[in-house]
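Using the numbering used here, you'd call the opening residue of the sequence shown number 108 and step up by one each time.
In this text, a Cβ means the ideal position worked out from N, Cα and C, and glycines have one as well.
On a predicted model such as this, the values are computed, not experimentally measured, just so you know.
Presented below is the structure to which this report refers.
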Amino acid sequence: MNSNDCNSTERKGKVWLVGAGPGDIGLLTLKGRDVLGKAEVVVYDALIRGGVMSLVPADAELVYVGKRAGKHTMKQDDINRLLLGKALEGKRVVRLKGGDPFVFGRGGEELELLKENNVECEVVPGVTSAFAAPAYAGIPVTHRGLSTGVSVITGHRRDNGSLDIDFQAYARTGNTLVFLMGMSTLDIIMKGLLEAGMPGDTPAAIIEKGTTASQRVLVTDLAHIKQTAEYEHATAPAVIVVGQTAKLREDFGWHEMLPLSGIRAVVTRPKELSSGLASMLRVKGAEVIEVPVIEIEPVSGSSRLEKAIEDLQNGMYRWIVFTSPSGVRVFFDELMKTADIRALASCRVAALGKGTEAALAGRGLKADMLPTVFDGRTLGEELSGLLQPGDRVLIPRAAIGNKELVSELAKAGDVIIDDIATYDTVYRKADWFDAGTILPEPDTYALFTSASGVRGFVNAYPEMDHSTVRAVCIGPMTASEAEKHGMKVWTSEEATLASLTECLERAAKEQKNEWKH
Ligand code: SAH
Numbered sequence: 108m109n110s111n112d113c114n115s116t117e118r119k120g121k122v123w124l125v126g127a128g129p130g131d132i133g134l135l136t137l138k139g140r141d142v143l144g145k146a147e148v149v150v151y152d153a154l155i156r157g158g159v160m161s162l163v164p165a166d167a168e169l170v171y172v173g174k175r176a177g178k179h180t181m182k183q184d185d186i187n188r189l190l191l192g193k194a195l196e197g198k199r200v201v202r203l204k205g206g207d208p209f210v211f212g213r214g215g216e217e218l219e220l221l222k223e224n225n226v227e228c229e230v231v232p233g234v235t236s237a238f239a240a241p242a243y244a245g246i247p248v249t250h251r252g253l254s255t256g257v258s259v260i261t262g263h264r265r266d267n268g269s270l271d272i273d274f275q276a277y278a279r280t281g282n283t284l285v286f287l288m289g290m291s292t293l294d295i296i297m298k299g300l301l302e303a304g305m306p307g308d309t310p311a312a313i314i315e316k317g318t319t320a321s322q323r324v325l326v327t328d329l330a331h332i333k334q335t336a337e338y339e340h341a342t343a344p345a346v347i348v349v350g351q352t353a354k355l356r357e358d359f360g361w362h363e364m365l366p367l368s369g370i371r372a373v374v375t376r377p378k379e380l381s382s383g384l385a386s387m388l389r390v391k392g393a394e395v396i397e398v399p400v401i402e403i404e405p406v407s408g409s410s411r412l413e414k415a416i417e418d419l420q421n422g423m424y425r426w427i428v429f430t431s432p433s434g435v436r437v438f439f440d441e442l443m444k445t446a447d448i449r450a451l452a453s454c455r456v457a458a459l460g461k462g463t464e465a466a467l468a469g470r471g472l473k474a475d476m477l478p479t480v481f482d483g484r485t486l487g488e489e490l491s492g493l494l495q496p497g498d499r500v501l502i503p504r505a506a507i508g509n510k511e512l513v514s515e516l517a518k519a520g521d522v523i524i525d526d527i528a529t530y531d532t533v534y535r536k537a538d539w540f541d542a543g544t545i546l547p548e549p550d551t552y553a554l555f556t557s558a559s560g561v562r563g564f565v566n567a568y569p570e571m572d573h574s575t576v577r578a579v580c581i582g583p584m585t586a587s588e589a590e591k592h593g594m595k596v597w598t599s600e601e602a603t604l605a606s607l608t609e610c611l612e613r614a615a616k617e618q619k620n621e622w623k624h
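In structure tokens form, the structure reads like this:
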């Protein structure tokens, strides 16, 4: 019987060696995503800094074993022992590695100790940077008529300092040569290949931080590769491609054509809301890092809400007002405990914003009114004009809801407004996200879809200099909160995700022009 079966007394842990791909989260495999989503411990290093980490469950233990400013990487033996220790504690452990775990990833070494101790292991292959970085640069690693094979070679020195590459042999193959970890030994690689008889005009390319927003591609030839790297200050991580196919970039380069290529967008919405915006941005070529800074926590056992649902079923409300998609979700979760959608049969529905309207549509409800401008005050003003004396209005929404909505509605006179807190907005922090390093980087933007999101962000990362944050905000309320903290702000024309995405494009264009001057 398998020791993972439920009637076994002791739960045995398991380790998954998962390839995270080269950077773009879209290159993580479906299996990798599933495994990561169920992890209890995640052991990761420097190459994993972006989107993939947002898939880790909030309560998983994170162990960073990569280089940190001033500190060194954890020794391989210590990593091996760490994985073993966590597995023996009975945990589901994911060892997350850049690219593919078996391509210069020391994956095999990590498995040895686990196997010796009879710990169950699985390997989830990943998309290696050796192939993905050239692909994102528009360089096929093989091509009919130009190269019949590809060699992936490490440029890492051995412990004794030497580079053990048989350049003669590789030069003879006529293969496309892809070097990983070769930036610090670039001159040895270049000389080795030239001495082995490879022509100096063989096309070559360096792809730095491939598949991320910081991807940079330098095309040159073998004789000038070192010079080009120095002149352009090329740095690791980068792959080096030597071979005839490198020149195909001129024809096949594609990533730079996408409207948001080169742009890194940090999406701060609550987790359950962020995927729609994230995928809109990714389709346009942005690198998206999802860093939820607020979470929606339903108020449990609210007697006011229970009473309101009862009254709703008795047809006592004339209007119900929803102010956010989260408000819709939380209200319907509560409603479905005792009733169903028919409870709303006799009342009209108002929605603040397109996202809210869409959330209602997803539950089979068409909103009867949307304000002309998506803010609480306008909704209050416009809805109050529709109210009749004696009308009752139900507003199930966040505890910290906008006050003007109610005060404007109250101007209608003889009406009863039940403003009921159905959820709290709680702040949270993603420990893996190094805001102070990532946000000030060029072409990096934080996207905010609510003022509470801005507050949550500032609360999570109080130490960083907030004036370095380029904030793309969904509306004037969000923008004014971001301005309060000294951020550089762009505001979308409409309070919709499509308009927010356009606003990011505009911001990126403006900044690029500014930097040019
Ligand atoms: N297992 C990894 C390789 C680990 S060795 C894989 O399959 O991709 C680390 C080297 O990988 C780096 O020195 C660099 O040469 C390469 N590398 C990793 N990520 C990269 C990226 N996004 N762009 C370019 N090179 C990358």
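Would you call residue i buried or exposed, if buried means 16 or more other Cβ atoms sit within 10 Å of its Cβ?
i	result
T445	exposed
L607	buried
H340	exposed
C113	At C113 the pLDDT is 45, less than 50, meaning the model places this residue with poor confidence; the figure from the coordinates comes in the next sentence. C113 should be labelled exposed.
V533	exposed
E515	buried
I507	exposed
C610	buried
N509	buried
L604	buried
H179	exposed
S407	exposed
R436	buried
L56	Residue numbering for the chain in the displayed model covers 108 to 624; residue 56 lies beyond these limits and cannot be assessed.
E229	exposed
T479	exposed
T255	exposed
R199	buried
R316	Sequence check: residue 316 is Lys here, not Arg. Label assigned to K316: buried.
K473	exposed
A165	exposed
L137	exposed
E464	buried
A615	buried
S115	In this prediction, S115 has a pLDDT of 46, which is less than 50 and means its spatial position is unreliable; nothing more can be read from the coordinates.
D525	buried
Between the options, which has its C-alpha nearest residue i's C-alpha?
i	options	result
V324	G304, L293, E357 and G299	E357
Q275	E621, V259 and M305	M305
E363	G520, Y243 and A558	Y243
S409	P399, S381, P432 and F438	F438
R202	E601, L124, E229 and I132	L124
L329	V230, G307, S321 and Y151	G307
G197	P247, V226, T180 and T463	V226
V672	V231, E337, T327 and V349	In the structure as shown, the chain starts at 108 and stops at 624, and residue 672 therefore has no counterpart that could be examined.
D550	E488, A393 and M290	A393
K204	V122, T255 and E570	V122
L287	L300, E302 and T261	T261
I448	G469, G462 and F540	G469
G593	A602, P569, E600 and S599	P569
V596	Y552, G497, S559 and G563	Y552
T342	D166, F359, S321 and W361	S321
P503	G492, D440 and A465	D440
V398	V513, V373 and E404	V373
V640	F211, V561, L135 and A519	Any question about residue 640 goes unanswered here, given that the chain covers just 108 to 624.
E548	G369, E217, E417 and P310	G369
L270	P247, I295 and R251	I295
D152	Q334, G214 and G289	G214
T335	T352, A312 and L355	A312
E402	Y424, C454 and D531	D531
F540	L169, S491, I314 and L419	L169
I523	H573, D131 and S491	S491
Name the DSSP bridge partner or partners of residue i?
i	result
P310	D328
W426	R455 and V500
D283	First, the residue type needs correcting, since residue 283 is Thr and not Asp in the sequence shown. Note: T283 sits in a beta bridge opposite V257.
T598	C580
K121	R199 and E227
I401	Y534
V346	I314
Let me check you understand the geometry: is the CB of residue i closer than 7 Å to at least one non-hydrogen atom of the ligand NAP?
i	result
V201	Because the ligand NAP does not appear in the structure shown, any question about it cannot be addressed here, the ligands present being the ligand SAH.
Next on the checklist: Which complete alpha helix (DSSP H) runs does the stretch 507-557 hold, if anything under 4 residues is left out?
Outcome noted: 510-517 and 542-545
Item to check | Length at least 4, wholly inside the stretch 126-153: the alpha helix (DSSP H) runs in chain order | outcome: 137-144
Next on the checklist: Quick check for students: name the residue ranges of the beta strand (DSSP E) that lie wholly in the stretch 187-244, counting only runs of 3 or more.
Outcome noted: 199-204 and 227-231
Item to check | Uninterrupted beta strand (DSSP E) stretches inside the stretch 366-392 (no shorter than 3 residues) | outcome: 371-374
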